[in-house]
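Chains A and B, in that order, are what the protein sequence lines are. The first sequence begins at 1 in full-length UniProt numbering and counts up one residue at a time. The second sequence begins at 1 in full-length UniProt numbering and counts up one residue at a time. We treat Cβ as the ideally placed atom computed from N, Cα and C, and that holds for glycine. Below is one structure, written out as structure tokens, with a few remarks after it.
Protein chains: 2
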Amino acid sequence: MMVTIYDIAKQAGCSAMTVSRVINNTGRISDETRQRVLDIMKEMNYVPNAMARSLVKQESRILSLLITDITNPFYTSLARGAEDAARELGYRLLLANSDEELAKEKEYIDTVLSARVDGVLFAPAGDASLPNLKRLRKQNLPFVLIDREVPGIECDMVLGDSKEGAKRLTSHLIEQGHARIALLGGSRGVSTARARQAGYEETLQLSGLPYREEYVAESHYRAGEIARHVKRLMALPEPPTALFAANNFLALGAIRALRDQGLRVPEDVAVVCFDELEAGFVLDPFMTVAAQPAYDFGVLGIRLLVDRIQGKAAEDWRRVVLPPTVHLRRSSGGT
Amino acid sequence: MMVTIYDIAKQAGCSAMTVSRVINNTGRISDETRQRVLDIMKEMNYVPNAMARSLVKQESRILSLLITDITNPFYTSLARGAEDAARELGYRLLLANSDEELAKEKEYIDTVLSARVDGVLFAPAGDASLPNLKRLRKQNLPFVLIDREVPGIECDMVLGDSKEGAKRLTSHLIEQGHARIALLGGSRGVSTARARQAGYEETLQLSGLPYREEYVAESHYRAGEIARHVKRLMALPEPPTALFAANNFLALGAIRALRDQGLRVPEDVAVVCFDELEAGFVLDPFMTVAAQPAYDFGVLGIRLLVDRIQGKAAEDWRRVVLPPTVHLRRSSGGT
DNA sequence: TTGAAAGCGTTACCAT
DNA sequence: ATGGTAACGCTTTCAA
């Protein structure tokens, strides 16, 4: 169907091997022959078959990036970083989206395994991703974890400093005079959610504030859940005066829920969150956040991965931690 | 290196062909043999090699989606639709991002061609994408255009109704009493930008309003450009009282620029735009927009593509047009 | 119900 | 400097 090196060889009056050598710039070839082959390749619109090549070379020069939410700006920035880094290193990037669903994640593992990609940059849905990662490990496919770690698996990873960020956001609220601070946390099955909660608790303790069970909510991203949590919190006898949302998605839901209840931010409730919000917030840079260097997550993740694939990595697993930057804005009364 | 059907065959005491038949559920095989093979496959952690299979079957069951901006919510929604539709139809989706750059687009063409994907869902950077599309056509690789059309190429496509949306937004501004309406348009090298400008002009004309050259700006997405355009517009002897931005990105830039000049929206200038803004705007559903059904763009695009690949499509090229929905909100004084 | 051989398009290896 | 042959892992075709 498509033009092959044999077709080229026939036209050029040489062997397929010679054509292959021209394509790969390998071995010695007379300038005359090279030019003739090149001309004919162009003329016949030759396109190399990457699958055939990968089959014999036992490498695809393709990396794969799995993210959990393609609509989250944190992950799209990360994807851009990964893309740029992969390109620079001579790899293609296959992008996929698990939607935080374990089933899709598993399906994806099958895909990359049978596609014989050279490595995977992996943002796990949560601790429950362990079997999926073990599958990669068993098949000897190099991978790097990004954003979240998974207990039970040792590997290279690029993480944010969730605990530190949470501490700083919580401290900030305390400095603003808040003593009743609620946590709208993510699932405890996700490492970042746990770390953010830990930072919150520790800061309360260090400041001599009580830890109140009823001020802590755990969200599993189900419909209407955030609104229910917020409603419960604000209906407490002593409702919180400030809210720490563990990520941008939760913050959005929380603010919407507060608004629906006629509460103003920050006048009635101060709100801070982890992760930057969408670019559109330039219209109204409103939220106090702990922003993470998402693009760099992608770049460094790919670099670790490629080092590992090419055997340039140290034997020990590497753990890169990128600190967040806190931006004080109106939502916390910070500006 | 990895387990092959020959390894399985040896263990199972049968031929590779038998293993192949078990994997593909093809031909007749005794239940006993089948079970034995299945057991051994599991035991040995067999993973089929998709490249080897594609090489002989001459199809990859992979489709490719090219978008021009992975950070734009229009395209990420579209990508989700495409992903879901592809999955449903038994295809994998390879996602790529051209960043509106022709060079990346060209590079991408090479990739999909040599990867031997079965088809491409293509959001072109603009009219200048023509040679890239011709390349696909020459290689007989099925493709479907989404969002933008490209003069000079006939193919299946899924488009929005840019002209109609522009008319309705412009009419709305006129109904609000505006007579001096500026257009912040996209590049004239992009079909949607032209159609939106046409809708704008036509509506002015039908309403008996003059078309003023100085009220029209064309943006090529260069740094600082939007701010300069807005500054020029607002410095005119008779500055516009309303602004129609041809897409969400331009609208964001425009509003920021207006704010920097101390102008309020909508009190000093009304603003409307094409495309919905980020989800984060739930915090402040502020902008009057012509929203497009982005997810459906993806779904329908993939369906057209697969029909074409599988030979189920009519001979004639199909052109699906999805109408926008106008949401009246505060930015235009609409609510 | 099962198997042997050929071939998909390429590169590695050994010749010449 | 160039070519022949085998191999990558699989499916198709034909035969038993």
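Quick one: residues in its chain with C-beta nearer than 8 Å to the C-beta of residue i, no 5 flanking neighbours on either side, listed in chain order?
i, result
"B/Lys-42", "none"
"B/Gly-90", "Arg-61"
"A/Val-150", "Pro-124, Gly-126, Asp-127, Ser-129, Leu-130, Leu-133 and Ser-191"
"B/Ile-181", "Thr-170, Leu-173, Ile-174, Tyr-200, Leu-204, Leu-209, Tyr-215, Pro-240, Thr-241, Ala-242, Leu-243 and Phe-244"
"B/Arg-101", "Here the sequence assigns Glu to residue 101 of chain B, which means Arg is not the residue at that position. The residues are Ala-125."
"A/Ala-198", "Lys-163 and Ala-166"
Give the secondary structure of residue i by DSSP, where H, G and I count as helix, E and B as strand, and everything else as coil.
i, result
"B/Arg-228", "helix"
"A/Gly-81", "helix"
"A/Asp-260", "helix"
"B/Ile-146", "strand"
"B/His-327", "strand"
"B/Ile-62", "strand"
"A/Gly-333", "coil"
"B/Gly-253", "helix"
"A/Thr-68", "coil"
"A/Met-157", "strand"
"A/Val-47", "coil"
"B/Phe-74", "helix"
"A/Asn-247", "coil"
"A/Val-216", "strand"
"B/Val-22", "helix"
"A/Leu-93", "strand"
"A/Ala-182", "strand"
"B/Arg-194", "helix"
"A/Arg-34", "helix"
"B/Phe-297", "helix"
"A/Ala-290", "strand"
"B/Leu-209", "coil"
"A/Arg-28", "coil"
For residue i and residue j, which I take to be in contact (beta-carbon distance under 8 Å), what is that distance rounded to the nearest angstrom?
i, j, result
"B/Pro-240", "B/Tyr-215", "6 Å"
"A/Asn-45", "B/Lys-138", "6 Å"
"A/Asp-118", "A/Leu-55", "About 14 Å; that fails the 8 Å criterion."
"residue 346 of chain A", "B/Ala-50", "With chain A covering only 1 through 335, there is no way to say anything about residue 346 of chain A."
"A/Ala-85", "A/Ile-302", "4 Å"
"A/Val-120", "A/Leu-304", "Between A/Leu-304 and A/Val-120 the Cβ distance is about 12 Å, and since that is not below 8 Å, they are no contact."
"A/Arg-21", "A/Gly-13", "A/Arg-21 to A/Gly-13, Cβ: 15 Å. No contact."
"A/Lys-163", "A/Ala-195", "4 Å"
"A/Pro-293", "A/Arg-329", "Going by Cβ atoms, the distance from A/Pro-293 to A/Arg-329 rounds to 18 Å, so no, they are not a contact pair."
Between residue i and chain B, is any beta-carbon pair separated by less than 7 Å?
i, result
"A/Thr-71", "yes"
"A/Thr-76", "yes"
"A/Ser-114", "yes"
"A/Thr-111", "yes"
"A/Glu-278", "yes"
"A/Arg-168", "no"
"A/Leu-55", "yes"
I'd like to know if residue i contacts chain A, where contact means its C-beta is closer than 7 Å to some C-beta of that chain.
i, result
"B/Glu-43", "no"
"B/Ala-52", "yes"
"B/Pro-48", "yes"
"residue 337 of chain B", "Outside the displayed range of chain B (1 to 335) lies residue 337 of chain B, so it cannot be described from this structure."
"B/Arg-34", "no"
"B/Arg-228", "no"
"B/Leu-94", "yes"
Beta-carbon within less than 6 Å of residue i's beta-carbon, same chain only, minus the 5 sequence neighbours each way: which residues are those?
i, result
"B/Ala-96", "Leu-66 and Tyr-108"
"B/Val-326", "Arg-168 and Ala-290"
"B/Phe-122", "Leu-66, Phe-143 and Leu-145"
"B/Lys-104", "Ser-98"
"B/Tyr-75", "Ile-67 and Asp-69"
"B/His-220", "Ser-187"
"A/Leu-263", "Val-269"
"B/Asp-147", "Ala-123"
"A/Val-3", "Met-44 and Tyr-46"
Whose C-beta lies closer than 7 Å to the C-beta of residue i among residues of the same chain, with five residues either side of it excluded?
i, result
"B/Ala-79", "Leu-65, Ile-67, Leu-95 and Gly-298"
"B/Ile-23", "Pro-48"
"A/Ala-254", "Leu-184, Ile-226, Val-230, Leu-243, Ala-245 and Val-271"
I want to check one thing, is the minimum distance from the CB of residue i to the heavy atoms of the ligand ZN below 6 Å?
i, result
"A/Ser-219", "In terms of ligand content, the structure shown is empty, and the ligand ZN therefore cannot be addressed."
Report task. Inspect the CB distances between the stretch 166–173 of chain A and the stretch 315–322 of chain A and report whether three or more fall short of 8 Å. Result -> They do not touch, by the three-pair rule.
Requested in this report: Please confirm if the stretch 265–275 of chain B is in contact with the stretch 22–33 of chain B, defined as three or more CB-CB distances below 8 Å between the two stretches.
Outcome: no
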